[in-house]
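A quick write-up on the structure given underneath.
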Amino acid sequence: MPQTVTNSLATLIKPRRRNKQHQSILLPIYLYDNIINIPTPPQLTTSIMFTLPQHHLHQATTIRYRHNRDHRIYCAITTQVKTRPKLEPLVINTTTLATPPKADDPSLKSTWSHRAWVGAGCGTVLASLASSVVGSYDSHIWLEPVLSGFIGYLFADLGSGVYHWGIDNYGDASTPVFGTQIDAFQGHHKWPWTITKRQFANNLHALARVVTYIVLPIDLVFHDQPVVMGFVGMASGCIMFSQQFHAWAHGTKSKLPAVVVALQDAGVLVSRSQHAAHHKQPYNNNYCIVSGVWNRFLDDHKVFEALEMVIYFKLGLRPRSWNEPNSDWTEEAEDSPVTYVT
């Protein structure tokens, strides 16, 4: 098609950007066969259709040429306006900042239910130890039950570290079974001093309930096995009281009983200085809270880091310790509103 004809067509069919209705234009154009080379027998009608590209996302144009046998070309143009996308208003959800519990907060107080469960847990542990002592006396064996009790003590420290690592790094308050513990430990990282404000039964009742459910059936079945009872009694007792050992690790030396300070200094209970390292960046070490005897081995050999890599590549779950410290990992002082990172 000659350039002059092409320019004329482009001028006639140029779409209007702000037209919001469909348009239909019929343009008779008188051209000769020697101008536009469309060989058409007189008895036939030929149609040629093409679509111009969309213009600025507003409209698309379709052009249809019809070449009749009377050597006329009719150009029909249909322009369809595309509607703009509907813009949704920006909604910002606000979250109320959590505040630390006060010293007289009911959540820190023991209830009669708490005391009942702690009593049941203590009774279960004492039953295990008593069965071990009685069985040892009757069978005249002492070394094996004592050794099994020591292994139970080591097992409790390792178990406390694995459990502490798990709830520190995975899940949230909505996680089944463990959600309450996970939420409590996250709050503990922000206000670690609150554990020293909890009353005894309030701090121990959750673990005492678990010990009662699990250990009591074992006591009934293996009561005549002193070696088994030695392991079960020492392990379950240390696990149940691990939260109290944890609370002592957050206490000040001047306020702790002398015997507790002596056991901490001897390494029998987790020390204050060792556990303080857990509350410092990068927040991924010293998880064990019974004696802390496993902490150096686990940290030096990067056991938990290896487990985190396995879980990430198998399940795609990132531990919280991989993230930069934020408000969830920022410790607030007890008597000051100033927030600081330790």
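In this note's numbering, the protein residues as written are 89 to 430.
Backbone N, C-alpha and C fix where the C-beta goes; we use that ideal spot for every residue, glycine too.
(request) Decide if the region 312-321 is in contact with the region 340-350; the criterion is three or more beta carbon pairs, one per stretch, under 8 Å apart. (result) No: fewer than three Cβ pairs fall under 8 Å.
(message) Here's the rule I'm using: 16 or more other beta-carbon atoms within 10 Å means buried, otherwise exposed. How should Y251 be labelled?
(response) Position 163 of the sequence shown holds residue 251. Buried, because 16 or more other Cβ atoms sit within 10 Å of the Cβ of Y251.
(request) Indicate whether P233 and S220 have their beta-carbon atoms separated by less than 8 Å. (result) Against the sequence shown, residue 233 aligns to sequence position 145. Against the sequence shown, residue 220 aligns to sequence position 132. Yes, these two residues count as a Cβ contact at 8 Å.
(request) Return helix, strand or coil for P264, following the three-state DSSP convention. (result) Your numbering for residue 264 matches position 176 in the sequence shown. DSSP places P264 in coil when its eight states are reduced to three.
(message) Can you tell me whether C210 is helix, strand or coil according to DSSP?
(response) Stepping through the sequence shown from its first residue, residue 210 is reached at position 122. C210: helix per DSSP, three-state reduction.
(message) Tell me which residue opens and which closes the alpha helix (DSSP H) that H252 is part of.
(response) Here the question's residue 252 lines up with position 164 in the sequence shown. Unbroken alpha helix (DSSP H) run through H252: L231 to N257.
(message) According to DSSP, is L405 part of a helix, a strand, or is it coil?
(response) The residue given as residue 405 occupies position 317 in the sequence shown. Residue state for L405 is assigned as coil, using DSSP reduced to three classes.
(message) Once the 5 residues before and after V206 are set aside, which same chain residues still bring their CB inside 6 Å of it?
(response) Indexing the sequence shown from 1 puts residue 206 at position 118. If we look at V206 and ignore the five residues flanking it on each side, its Cβ neighbours are A289, L292, H293 and A296.
(request) Output yes or no for whether 8 Å exceeds the beta carbon distance between S245 and S379. (result) For this step, residue 245 is matched to residue 157 along the sequence shown. For this step, residue 379 is matched to residue 291 along the sequence shown. According to the sequence provided, residue 245 is Asp. The question's Ser does not apply to it. In terms of Cβ geometry, D245 and S379 form a close pair [threshold 8 Å].
(message) Between the alpha carbons of V391 and R408, how many angstroms are there, rounded?
(response) Your numbering for residue 391 matches position 303 in the sequence shown. Your numbering for residue 408 matches position 320 in the sequence shown. Rounded to the nearest angstrom, the two C-alpha atoms are 16 Å apart.
(message) Quick check: what's the CA-CA separation for Y241 versus K402?
(response) Walking along the sequence shown from the start, residue 241 turns up at place 153. Walking along the sequence shown from the start, residue 402 turns up at place 314. Straight-line Cα distance between these residues: approximately 32 Å.
(message) What residue range does the alpha helix (DSSP H) around D387 cover?
(response) For the purposes of this step, residue 387 is taken as the residue at position 299 of the sequence shown. In the DSSP annotation of this structure, the continuous segment of the alpha helix (DSSP H) that includes D387 starts and ends at N383 to D388.
(request) Please report the Cβ distance between P314 and G223, rounded to the nearest whole angstrom; I am assuming they are in contact, meaning their Cβ atoms lie under 8 Å. (result) Here residue 314 refers to the residue found at position 226 of the sequence shown. Here residue 223 refers to the residue found at position 135 of the sequence shown. Between G223 and P314 the Cβ distance is about 3 Å, and since that is below 8 Å, they are a contact.
(message) My output table needs one value for Q331: the three-state DSSP class, helix, strand or coil.
(response) As a working note, residue 331 is residue 243 in the sequence shown. Helix at Q331.
(message) On the DSSP letters alone, give me the boundaries of the alpha helix (DSSP H) that Y301 sits inside.
(response) Here residue 301 refers to the residue found at position 213 of the sequence shown. In the DSSP assignment, Y301 falls within the unbroken alpha helix (DSSP H) covering F288 to V309.
(request) Tell whether a beta-carbon distance below 8 Å holds between S330 and S195. (result) For the purposes of this step, residue 330 is identified with residue 242 of the sequence shown, where counting begins at 1. For the purposes of this step, residue 195 is identified with residue 107 of the sequence shown, where counting begins at 1. Taking C-beta atoms as the reference points, S330 and S195 fail to come closer than 8 Å.
(message) Measuring straight from C-alpha to C-alpha, what distance separates F243 and W253?
(response) The residue given as residue 243 occupies position 155 in the sequence shown. The residue given as residue 253 occupies position 165 in the sequence shown. One alpha carbon belongs to F243, the other to W253, and they sit about 15 Å apart.
(request) Select from I283, H228, L214 and W230 the residue whose C-alpha is nearest the C-alpha of S198. (result) Looking up residue 198 in the sequence shown gives position 110. From the listed residues I283, H228, L214 and W230, the smallest Cα separation to S198 is found for I283.
(message) Quick check: the Cα distance between G237 and W382, rounded to an integer number of angstroms?
(response) Position 149 of the sequence shown, counted from the first residue, corresponds to residue 237. Position 294 of the sequence shown, counted from the first residue, corresponds to residue 382. Distance between the alpha carbons of G237 and W382 is about 17 Å.
(request) Pick out whichever of W410, A261 and G211 has its Cα sitting closest to the Cα of T393. (result) Taking the first residue of the sequence shown as 1, we reach residue 393 at position 305. Looking at the sequence provided, one finds Glu at residue 393 rather than Thr. Taking E393 as reference, the option from W410, A261 and G211 with the minimal CA-CA separation is W410.
(request) Report all residues from its chain with a CB closer than 7 Å to the CB of A272; omit the five preceding and five following residues, and keep chain order. (result) Stepping through the sequence shown from its first residue, residue 272 is reached at position 184. Here the set comprises nothing.
(request) Helix, strand or coil for W431, going by three-state DSSP, please let me know. (result) Residue 431 lies beyond the residue range present for the chain, which begins at 89 and ends at 430; the question has no answer from this structure.
(request) Less than 8 Å between the CB atoms is what I'm expecting for F333 and V309, so what's the real figure, rounded? (result) Locating residue 333 in the sequence shown gives position 245, counting from the first residue. Locating residue 309 in the sequence shown gives position 221, counting from the first residue. About 29 Å separates the beta carbon of F333 from that of V309, a gap too long to meet the 8 Å contact definition.
(message) Could you tell me the alpha carbon to alpha carbon distance between I302 and F266, rounded to whole angstroms?
(response) Working through the sequence shown from its first residue, we reach residue 302 at position 214. Working through the sequence shown from its first residue, we reach residue 266 at position 178. The alpha-carbon atoms of I302 and F266 are separated by roughly 16 Å.
(request) Go ahead and pull the three-state DSSP assignment for G275. (result) Reading the sequence shown from its first residue, position 187 is the one you call residue 275. DSSP places G275 in helix when its eight states are reduced to three.
(request) Please name the residue in D192, I270 and D353 whose C-alpha comes closest to that of Q287. (result) Residue 287 sits at position 199 when you count from the first residue of the sequence shown. Checking every option, the nearest Cα to that of Q287 belongs to D192.
(request) Quick one: grab the DSSP three-state call for C326. (result) Here residue 326 corresponds to residue number 238 of the sequence shown, with the count starting at 1. Helix, per DSSP.
(request) Taking R384 as the reference, give the member of E396, Q362 and V398 with the closest Cα. (result) Residue mapping note: residue 384 aligns to position 296 of the sequence shown, counting from 1. When only C-alpha atoms are compared, the closest one is Q362.
(request) Could you tell me if A335 is buried or exposed, where buried requires 16 or more neighbouring beta carbons within 10 angstroms of its beta carbon? (result) Position 247 of the sequence shown, counted from the first residue, corresponds to residue 335. With 16 or more Cβ atoms within 10 Å of its Cβ, A335 is classed as buried.
(request) Reducing DSSP to helix, strand and coil, say where S342 ends up. (result) Taking the sequence shown and counting its residues from 1, one reaches residue 342 at position 254. DSSP places S342 in helix when its eight states are reduced to three.
(request) Reducing DSSP to helix, strand and coil, say where T400 ends up. (result) Position 312 of the sequence shown, counting from 1, holds the residue named residue 400. For clarity, residue 400 is Tyr in the given sequence; the question names Thr instead. It is helical.
(request) Compute the distance between the beta-carbons of T300 and A208, then report whether it is under 8 Å. (result) Reading the sequence shown from its first residue, position 212 is the one you call residue 300. Reading the sequence shown from its first residue, position 120 is the one you call residue 208. Taking C-beta atoms as the reference points, T300 and A208 count as a pair closer than 8 Å.
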